[in-house]
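Only one structure is covered here, and it is reproduced in the block below.
Numbering (the working numbering), first residue to last: 3 to 159.
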C-alpha cells in the first residue's frame, strides 16, 4: 500500500466514524420541522463537506450514515412488531419496503442521468448515488417513525 493510499484509507475511516447518525436528534428534528430534508441534511453534514473535494471519502461517509438510518428503521420495525397487531406489523413492513424501494429507484434514475448527461467522473457519480441512497434511507426512517408515533411503542422509539 502506498503512502497516499494509506492516508486516504485513514481519512475515509476517520470521517466515516464521525458520520454516525444521531437518531434521537434526528427524531426530535423530524417532530419539530415541516421539511424533513433539513433534518437529514443536518445528520449528514459531515459527508457533504467531502462530496466535491473527495468523492471517495464522501462515498464511505454516506455509507456509514445510510447504515445509521437503516439501524433506525430496524429498531422502529422491531418496536412495531412487538405490538399484538400482526396486521399493523405487516402493513408497516410493506409501507417501509416500498417507500425505500421508491426512494432508491430515484437514486438509480439520478445515476443514469448523470452518466448520460453530465461531465461528472465515475467517482463523483458514485458519491452522488451514495448521498442519494443515504438520504433515501433517512426519508424512509422518518416516514416509519412519524407513522408509528401514535402507537404506544416500547421505549418510545
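Note that beta-carbon positions come from the ideal geometry of N, C-alpha and C, so glycine has one too.
- Between residue 141 and residue 42 a beta carbon distance of about 7 Å is seen, short of the 8 Å cut, so the two are scored as contacting.
- Between residue 113 and residue 96, the beta carbon gap of about 26 Å keeps them out of contact (Cβ cut-off 8 Å).
- In this structure, the straight-line span from the alpha carbon of residue 152 to that of residue 100 is close to 21 Å.
- DSSP, reduced to helix, strand and coil, places residue 132 within a helical segment of the structure shown.
- For residue 82, same chain residues with a beta-carbon under 6 Å away, outside a window of 5 residues either side, are 91, 94, 150 in chain order.
- Apart from sequence neighbours up to five positions away, the residues of its chain that approach residue 134 with a beta-carbon distance below 6 Å are 109, 112, ordered along the chain.
- Nearest in C-alpha terms to residue 106, of all of 139, 118, 36, is 139.
- Between residue 78 and residue 146, the CB-CB gap stays under 8 Å.
- The residues 75, 79, 142, 146, in chain order, have a CB closer than 7 Å to that of residue 98 in the same chain once the five nearest residues on each side in sequence are set aside.
- In its chain, beyond the 5 residues on either side, 66, 70 have a beta carbon closer than 7 Å to the beta carbon of residue 22.
- The C-beta of residue 117 has fewer than 16 other C-beta atoms within 10 Å across all chains shown, which makes the residue exposed.
- Excluding the 5 residues flanking it on each side, residue 38 has same chain C-beta neighbours closer than 7 Å at 32, 141, 144, in chain order.
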